[in-house]
Amino acid sequence: MRSVENDILADLHELDDPVLQYGYLAGCAGEAAAFPEHLRDDAHLVRECQARTWIAAEHDGEGRAAVLGDSESIAVQGALALIEEVYNGRTAIERAAHVCLLLDDPAFARHFTKLQMKGLGAAVALIASAP
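Quick note: the sequence shown uses our numbering, first residue 2, plus one each step.
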């Protein structure tokens, strides 16, 4: 998980320009898997987010997570796509033990308000605590 996260952060740092970094997030949003309409409900809503944002962490047959997220905010949707990369395919134990460093890195965090960061933190917590 850490290596995936390190690769994402290396990409952001390599861009070294906030405008290019934001473009990277927007591009990730555009490449994200479609979020199923039937999951756009209150059960999957991340209430701490400023824009309506949904998270679903379902399991494959082997107990590994299939994480999906979506938001009405392009930047948040891009952030969720990157967070999905970190947590997808991981067991509940791996997800619970991982400390997400993306949220603390200035190259990532500079693109979000404090309220958006609180919502992203809540989304990560939901993913990490999903059975």
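Quick reminder that beta carbons are idealized off the backbone N, C-alpha and C, glycines included.
What you are looking at is a predicted structure, and each value in this text was computed from that prediction instead of being measured.
- Inter-segment contact for the segment 75-86 and the segment 16-26 is present: three or more beta-carbon pairs are separated by less than 8 Å.
- The beta carbon of residue 76 lies closer than 6 Å to those of 26, 112 in the same chain, with the five residues before and after it left out.
- Annotation: residue 63 to residue 96 spans about 15 Å, alpha carbon to alpha carbon.
- Excluding sequence positions up to five before and after residue 61, its CB lies within less than 7 Å of the CB of 67, all in the same chain and listed in chain order.
- Within the segment 75-108, the runs of alpha helix (DSSP H) at least 4 residues long that lie entirely inside it are, in chain order, 75-88, 93-98.
- Cβ-Cβ separation between residue 52 and residue 40: approximately 16 Å, too far for a contact (criterion under 8 Å).
- Taking the CA atoms as reference points, residue 118 sits about 7 Å from residue 110.
- Inclusion of residue 5 and residue 125 in the CB contact set at 8 Å is not warranted, their separation being larger than that value.
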